[in-house]
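A.B. asks: To start, I am sharing the structure in question, which I have written as structure tokens.
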Amino acid sequence: MEKNNVSDINANKRTEIKNICVEGTNENDQLCHLVAEQIRINLQEPNGKLIEKIVSTLGVSESLLFYEKTRVIEKRGGLLVNDGSRRRTPGGVFFHLITTDNSIPKHVIKEIFYDYSREAKKRRNEEARERRRRKNNKLKELLIKEGLLTTLPK
Numbered sequence: 001m002e003k004n005n006v007s008d009i010n011a012n013k014r015t016e017i018k019n020i021c022v023e024g025t026n027e028n029d030q031l032c033h034l035v036a037e038q039i040r041i042n043l044q045e046p047n048g049k050l051i052e053k054i055v056s057t058l059g060v061s062e063s064l065l066f067y068e069k070t071r072v073i074e075k076r077g078g079l080l081v082n083d084g085s086r087r088r089t090p091g092g093v094f095f096h097l098i099t100t101d102n103s104i105p106k107h108v109i110k111e112i113f114y115d116y117s118r119e120a121k122k123r124r125n126e127e128a129r130e131r132r133r134r135k136n137n138k139l140k141e142l143l144i145k146e147g148l149l150t151t152l153p154k
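See below:
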């Protein structure tokens, strides 16, 4: 899967998002996957699994409604993050609309985003662990080089 760079989206530039046409509204797995992939591509969102979970949980038609709302917001210049420091990505607008919509029960929102937040936390912890390991190895090499530490058995 190719990695999309979020910084490609200029904060002052409106993003043109393509329309998605779906023949029929049969909500089978293949259609959910197809619609999720189109939303992901059009919103330049690297997290395809989360979008696929949204489409499979909310359904194709409701997901497309949120997609259309995202298109309208992006056409009007986008949406800022809560602190106003920067513009949300189109995918961020899509996720924000879903998480703040009062018609979706909170337990459904938790069902959609729980695994994602758990995986993100796990990934952050693994990255921090790797950074600490690299830092400790560099420190150990420096101490050995300076003669302040003898090599320890592993």
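1 is the number of the first residue of the sequence shown in the UniProt record's numbering; add one for each residue after it. C-beta atoms are modelled at their ideal positions from N, C-alpha and C, and glycine is treated no differently.
Using only CA atoms, which one of Asn28, Lys122, Leu142, Leu58 lies nearest to Thr99?
C.D. replies: The option with the nearest alpha carbon to Thr99 is Leu58.
A.B. asks: Could you tell me the boundaries of the alpha helix (DSSP H) in which Gln30 lies?
C.D. replies: Element bounds for Gln30: 29-42.
A.B. asks: Please name the residue in Val55, Glu45, Arg134, Leu43 whose C-alpha comes closest to that of Leu34.
C.D. replies: Among Val55, Glu45, Arg134, Leu43, the Cα nearest to that of Leu34 is on Val55.
A.B. asks: Taking the CB atoms as reference points, tell me whether Lys53 and Ile112 lie closer together than 7 Å.
C.D. replies: Their beta carbons are under 7 Å apart, which means Lys53 touches Ile112 by this criterion.
A.B. asks: Taking 7 Å as the cut-off, decide whether the C-beta atoms of Arg87 and Leu80 are in contact.
C.D. replies: Against a cut-off of 7 Å, the Cβ pair of Leu80 and Arg87 comes out as a contact.
A.B. asks: Given a threshold of 16 other Cβ atoms within 10 Å of its Cβ, counted over all protein chains shown, does Asp8 qualify as buried or as exposed?
C.D. replies: Its pLDDT being 44, under 50, Asp8 is placed unreliably in this model, and the value from its coordinates should be taken loosely. Looking at its Cβ environment, which holds fewer than 16 other Cβ atoms inside 10 Å, Asp8 is exposed.
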